[in-house]
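Report on the following structure.
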Amino acid sequence: MQEYEDLKRLVAEIESDINKALGGNKAAGTRVRKQMQMIKQAAQIVRNRVLEIRSTED
18 MQEYEDLKRL
28 VAEIESDINK
38 ALGGNKAAGT
48 RVRKQMQMIK
58 QAAQIVRNRV
68 LEIRSTED
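Take any residue in the sequence shown, count from 1 to its spot, add 17: that is its number in our numbering.
What follows is the structure, encoded as C-alpha cells:
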C-alpha cells in the first residue's frame, strides 16, 4: 500500500531532526513539530484507506 510506504518515509526522515531537537536545536524542534503534523495527516490517510479496503471486502 503506497500510503503506508509514504508514512514510513516521513517517519524515517524526521529522525535526524529529532536528535538535533533533543540536543537543544530550537529550529530542529520547529521542523519536528511540522513534520509530526504531516505524519499525523499521513496516518489518517492510511487509516481511511484500510477502512476502504475493509468495506469493499464485506
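From the three backbone atoms N, C-alpha and C, an ideal C-beta is built for every residue, glycine too.
Going along the chain, which residues of its own chain have a beta-carbon closer than 6 Å to the beta-carbon of residue 66, five neighbours each way excluded?
-> The beta carbon of residue 66 lies closer than 6 Å to those of 20 in the same chain, with the five residues before and after it left out.
Euclidean distance between Cα positions of residue 40 and residue 63 = About 32 Å.
Could you work out which residue in 47, 59, 26 is closest to residue 35 when comparing CA atoms only?
-> Between residue 35 and the set 47, 59, 26, the nearest pair of CA atoms involves 47.
Does DSSP put residue 41 in a helix, in a strand, or in coil?
-> Here residue 41 sits in coil by DSSP.
Which word fits residue 24, buried or exposed, when buried means at least 16 other C-beta atoms lie within 10 angstroms of its C-beta?
-> Counting of Cβ neighbours within 10 angstroms places residue 24 among the buried residues, the total reaching 16 or more.
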